[in-house]
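Chemist: Let me begin by handing over the structure; questions about it come next.
There are 2 protein chains.
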Amino acid sequence: MKNMIRPSAEQSVIAAGFDLLNENPKASLAEIASHAGVGRATLHRHFSGREDLIRAMAWTAIREMDQAVEAACSESPSYSDAIRQMLGALIPLGDRYQFLLREPVEDHADIAAEFQKQQHEMRELVDAAKNEGLFDTAVPTDWITRSFDNILYAAWESVMAEETTPSQATTLAWQTLVHGLGANKNGQ
Amino acid sequence: MKNMIRPSAEQSVIAAGFDLLNENPKASLAEIASHAGVGRATLHRHFSGREDLIRAMAWTAIREMDQAVEAACSESPSYSDAIRQMLGALIPLGDRYQFLLREPVEDHADIAAEFQKQQHEMRELVDAAKNEGLFDTAVPTDWITRSFDNILYAAWESVMAEETTPSQATTLAWQTLVHGLGANKNGQ
DNA sequence: CCCATTTGAGACATATATGTCTCATGAAAA
DNA sequence: TTTTCATGAGACATATATGTCTCAAATGGG
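So the protein lines, in turn, are chains B and D.
Here the first sequence stands for residues 1 to 188, where the numbers follow our numbering.
Here the second sequence stands for residues 1 to 188, where the numbers follow our numbering.
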């Protein structure tokens with residue numbers, strides 16, 4: 001078997017894709033290959049084309065987010081705590097989330113379906129947290145999930161800009177959400 | 001003089017640009033011209049190329065946002081009220097804001113400078129509102145502006161998805177912000 | 001009506017991005 | 001060492017996007 005310790009060309013290219021395509025969606029495959037430290041031909045050996053690369057990146061993003069959420073809140077004692085753990089786990093994956101939102105993924109029915117499945121689970125989680133008293137039942141669930149997504153993204157931006165540490169950003173985001181959308185305004 | 005009532009080709013193209021480039025930053029000039037109901041040659045008569053179009057769109061976005069903010073909060077009795085008015089005025093311009101954030105505008109020094117100038121004015125406004133007791137002084141101003149920007153964007157998404165009316169979205173966004181970041185948690 | 005201007009359609013050339021191929025090199029496995 | 005395999009570099013053809021030009025038609029002002 002070949003060396004599996006050194007990141008494979010696939011992984012390098014996908015990582016470079018997250019770096020470049022998020023900043024400039026018009027980045028060429030040549031730029032991506034170069035940024036990955038890989039020849040242009042090698043990129044085509046692993047991905048049949050731009051669409052194929054984007055599909056692979058989307059699945060990577062979805063899988064990583066799934067795993068992060070699973071690991072973070074599988075043992076949470078409550079739905080409210082699960083949302084809290086989820087927040088901290090997803091902030092470092094802000095670029096993955098950004099990619100799924102910005103890249104036209106609607107073309108791929110399977111990916112869009114999986115993405116919507118995640119959104120639906122989030123809605124159920126929010127409804128459960130409402131019943132626990134975390135969120136105000138008078139606030140629409142749609143608005144809560146949108147706020148969660150966007151505050152999560154704000155937290156990632158904040159960390160990237162080095163305005164806050166990941167830990168600080170998580171706390172700020174959580175406080176903002178539970179105070180802003182909460183039933184009781186004590187913050188924890 | 002030519003007819004100024006019918007939208008000029010320039011305006012049509014810029015509007016089409018906001019429609020298409022926000023959804024797919026790789027949209028070709030041919031697609032933009034077609035969506036604007038204009039020949040491809042006509043687009044080139046008004047804009048020397050893609051970069052020129054993007055520059056014109058960026059200036060349009062900045063100008064519209066400036067005017068909306070000016071009109072909304074020039075007569076506000078307080079900084080806190082000014083922020084409230086600003087929120088309502090900017091939500092309908094969410095696509096303009098989105099464009100400035102996503103399109104690589106950093107290349108154009110003049111536009112980037114103007115954008116940062118707006119950001120700086122926002123920071124001063126937030127600091128003033130802190131002194132009025134609207135925001136918690138313990139919360140970093142950077143985080144407040146980031147939250148404002150992202151909740152603003154969430155509100156625009158919510159309106160676009162027809163989950164809420166513009167009025168409802170404005171109220172939800174305001175409540176979320178002042179509860180989430182406020183010094184006193186009464187919401188108004 | 002006549003004239004000036006703008007426009008749409010399309011031809012054309014060029015630039016850039018993409019996809020495929022070959023070949024020599026280097027690293028790892030046998 | 002020998003073999004196998006992935007890779008990098010680059011040539012090549014193709015596809016798509018871009019920029020320029022011409023010309024006939026439409027529009028609006030005089």
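Backbone N, C-alpha and C fix where the C-beta goes; we use that ideal spot for every residue, glycine too.
1) For the alpha helix (DSSP H) containing Asp142(B), name the first residue and the last one.
2) So which of Asn22(D), Gly37(D) and Glu23(D) has the shortest CA-CA distance to Ser8(D)?
3) When you compare the CB positions of Leu100(D) and Phe115(D), do they come within less than 8 angstroms of one another, or not?
4) Could you name the residues of the stretch 17-35 of chain D whose beta carbon sits closer than 8 angstroms to any beta carbon of chain B, in the order they occur along the chain?
5) Using a cut-off of 7 angstroms between C-beta atoms, extract the partners of Ile151(D) located in chain B.
6) Can you tell me whether Asp52(D) is buried or exposed? The criterion is at least 16 other CB atoms within 10 Å of its CB, across all chains shown.
7) Can you grab the Cα-Cα spacing for the pair Phe148(D) / Gln11(B), in whole Å?
8) For Arg84(D), does the count of other Cβ atoms within 10 angstroms reach 16, so buried, or fall short, so exposed?
9) Considering Phe18(B), what are the terminal residues of the alpha helix (DSSP H) in which it resides?
10) Given Tyr153(D), which residues of its chain have a CB within under 8 angstroms of its CB, disregarding the five upstream and five downstream residues?
11) Taking only three categories from DSSP, how would you classify Phe135(D)?
12) Checking 8 angstroms against the spacing of the C-beta atoms, do Ala71(D) and Ala89(D) come in under that value?
13) Could you compute how far the alpha carbon of Ile151(B) sits from the alpha carbon of Ala128(B)?
14) Answer yes or no: does any C-beta atom of chain B fall closer than 8 angstroms to that of Thr176(D)?
15) In the DSSP assignment, find the alpha helix (DSSP H) that holds Ser74(B) and state where it starts and stops.
16) How should Ser158(B) be labelled, buried or exposed, when 16 other C-beta atoms within 10 angstroms of its C-beta is the threshold for buried?
17) Does the distance from the CB of Ile111(D) to the CB of Ala58(D) come in under 8 angstroms?
18) On the criterion of 16 or more Cβ atoms from any shown chain inside 10 Å, does Ala30(B) qualify as buried, or is it exposed?
19) Using a Cβ-Cβ cutoff of less than 8 angstroms, which residues in the same chain neighbour Leu20(B) once the five nearest sequence positions on both sides are dropped?
20) Helix, strand or coil: how does DSSP classify Ser48(B) here?
21) Looking at the unbroken alpha helix (DSSP H) that takes in Pro166(B), where does it start and where does it end?
22) Measure the Cβ-Cβ separation of Thr170(D) and Ile91(D) and say whether it is below 8 angstroms.
23) How would you call Gly17(D), buried or exposed, if buried means at least 16 neighbouring beta carbons within 10 angstroms?
24) Quick check: what's the CA-CA separation for Glu124(D) versus Ala138(D)?
25) DSSP three-state label for Val105(D), please.
26) Excluding five sequence neighbours on each side, which residues of the same chain lie with their C-beta closer than 8 angstroms to the C-beta of Thr176(D)?
27) Residues in the stretch 98-112 of chain D with C-beta within 8 angstroms of chain B's C-beta atoms, listed in sequence order?
28) For the candidate residues Ser80(D), Met122(D) and Gly180(D), whose alpha-carbon lies nearest to that of Met65(D)?
29) Measuring alpha carbon to alpha carbon, tell me which of Glu132(D), Arg40(D), Gly180(D) and Ala113(D) ends up nearest Ala78(D).
30) Report the three-state DSSP secondary structure of Glu163(D) (helix, strand or coil).
31) Any beta-carbon of chain B closer than 8 angstroms to the one on Gln188(D)?
32) What distance in whole Å lies between the Cβ atoms of Thr164(D) and Leu172(D), which are believed to be in contact at a cut-off of 8 angstroms?
33) Return the chain-ordered list of same chain residues with a C-beta closer than 6 angstroms to the C-beta of Trp156(B), the five sequence neighbours on each side being excluded.
34) Check distances from the C-beta atoms of the stretch 117-139 of chain D to those of chain B and list, in chain order, the residues that come in under 8 angstroms.
Modeler: Looking at the coordinates:
1) Taking the first residue of the first sequence as position 1, residue 142(B) is located at position 142. Where Asp142(B) is concerned, the enclosing alpha helix (DSSP H) stretches over Thr141 to Met160.
2) Residue 8(D) sits at position 8 when you count from the first residue of the second sequence. Ranking Asn22(D), Gly37(D) and Glu23(D) by Cα distance to Ser8(D) puts Gly37(D) first.
3) In the second sequence, counting from the first residue as 1, residue 100(D) sits at position 100. In the second sequence, counting from the first residue as 1, residue 115(D) sits at position 115. Yes. Within cutoff.
4) Cβ contacts with chain B come from Glu23, Asn24, Pro25 and Lys26.
5) In the second sequence, residue 151(D) corresponds to position 151, counting from 1. Neighbours of Ile151(D) on chain B, chain order: Ser147 and Asn150.
6) In the second sequence, counting from the first residue as 1, residue 52(D) sits at position 52. Burial call: exposed.
7) Here residue 148(D) refers to the residue found at position 148 when the second sequence is read from its first residue. Here residue 11(B) refers to the residue found at position 11 when the first sequence is read from its first residue. Roughly 36 angstroms between the two C-alpha positions.
8) Start at 1 with the first residue of the second sequence, and residue 84(D) comes out as number 84. With at least 16 other beta carbons inside 10 angstroms of its own, Arg84(D) counts as buried.
9) Counted from its first residue, the first sequence places residue 18(B) at position 18. Bounds of the alpha helix (DSSP H) holding Phe18(B) are Ala9 to Glu23.
10) By one-based count along the second sequence, residue 153(D) stands at place 153. If we look at Tyr153(D) and ignore the five residues flanking it on each side, its Cβ neighbours are Gly94, Tyr97 and Gln98.
11) Along the second sequence, one-based indexing puts residue 135(D) at 135. Correct three-state label for Phe135(D): strand.
12) Taking the first residue of the second sequence as 1, we reach residue 71(D) at position 71. Taking the first residue of the second sequence as 1, we reach residue 89(D) at position 89. For Ala71(D) and Ala89(D), yes; Cβs fall inside 8 angstroms.
13) Reading the first sequence from its first residue, position 151 is the one you call residue 151(B). Reading the first sequence from its first residue, position 128 is the one you call residue 128(B). C-alpha separation (whole angstroms): 20 angstroms.
14) Reading the second sequence from its first residue, position 176 is the one you call residue 176(D). Yes, contact with chain B.
15) Locating residue 74(B) in the first sequence gives position 74, where the first residue counts as 1. Run containing Ser74(B): none; DSSP gives neither H nor E here.
16) As a working mapping, residue 158(B) is identified with position 158 in the first sequence. Counting Cβ neighbours within 10 Å, Ser158(B) comes out buried, since at least 16 surround it.
17) Within the second sequence, numbered from 1, the residue matching residue 111(D) stands at position 111. Within the second sequence, numbered from 1, the residue matching residue 58(D) stands at position 58. Their beta carbons are under 8 angstroms apart, which means Ile111(D) touches Ala58(D) by this criterion.
18) Here residue 30(B) is taken as the residue at index 30 of the first sequence, counted from 1. Answer is exposed; the Cβ neighbour count stays below 16.
19) In the first sequence, counting from the first residue as 1, residue 20(B) sits at position 20. Contacts found: Ala27, Glu31, Ile32 and His35.
20) By one-based count along the first sequence, residue 48(B) stands at place 48. DSSP places Ser48(B) outside both helix and strand once states are collapsed to three, so it counts as coil.
21) Translated into positions along the first sequence, residue 166(B) becomes position 166. Pro166(B) -> alpha helix (DSSP H) spans Pro166 to Leu181.
22) As a working mapping, residue 170(D) is identified with position 170 in the second sequence. As a working mapping, residue 91(D) is identified with position 91 in the second sequence. Between Thr170(D) and Ile91(D), the C-beta spacing is below 8 angstroms.
23) To locate residue 17(D), count along the second sequence from 1; it is residue 17. The residue in question, Gly17(D), is buried, as its Cβ has 16 or more Cβ neighbours within 10 Å.
24) For the purposes of this step, residue 124(D) is identified with residue 124 of the second sequence, where counting begins at 1. For the purposes of this step, residue 138(D) is identified with residue 138 of the second sequence, where counting begins at 1. Glu124(D) and Ala138(D) have their C-alpha atoms some 16 angstroms from each other.
25) Here residue 105(D) is taken as the residue at index 105 of the second sequence, counted from 1. In this structure, Val105(D) counts as coil in the three-state DSSP scheme.
26) To locate residue 176(D), count along the second sequence from 1; it is residue 176. Closer than 8 angstroms at Cβ, skipping near neighbours: Ile151.
27) Per Cβ criterion, the list reads Arg102 and Pro104.
28) Position 65 of the second sequence, counted from the start, is the residue given in the question as residue 65(D). The option with the nearest alpha carbon to Met65(D) is Met122(D).
29) Your numbering for residue 78(D) matches position 78 in the second sequence. Correcting the residue type first, residue 78(D) is Ser in the shown sequence and not Ala. The closest CA to that of Ser78(D), considering only Glu132(D), Arg40(D), Gly180(D) and Ala113(D), is found on Glu132(D).
30) By one-based count along the second sequence, residue 163(D) stands at place 163. In the three-state DSSP reduction, Glu163(D) falls in the coil class, being neither helix nor strand.
31) Residue mapping note: residue 188(D) aligns to position 188 of the second sequence, counting from 1. Per-residue confidence for Gln188(D) stands at a pLDDT of 40, beneath the threshold of 50, marking its modelled position as unreliable; the derived number appears in the next sentence. Output row for Gln188(D): interface = no.
32) In the second sequence, counting from the first residue as 1, residue 172(D) sits at position 172. In the second sequence, counting from the first residue as 1, residue 164(D) sits at position 164. Yes, Leu172(D) and Thr164(D) are in contact; Cβ-Cβ is about 7 angstroms, under 8 angstroms.
33) As a position in the first sequence, residue 156(B) is number 156, starting the count at 1. Same-chain partners within the cutoff: Ile91 and Gly94.
34) Only Val139 from the stretch 117-139 of chain D bring a Cβ to less than 8 angstroms from some Cβ of chain B.
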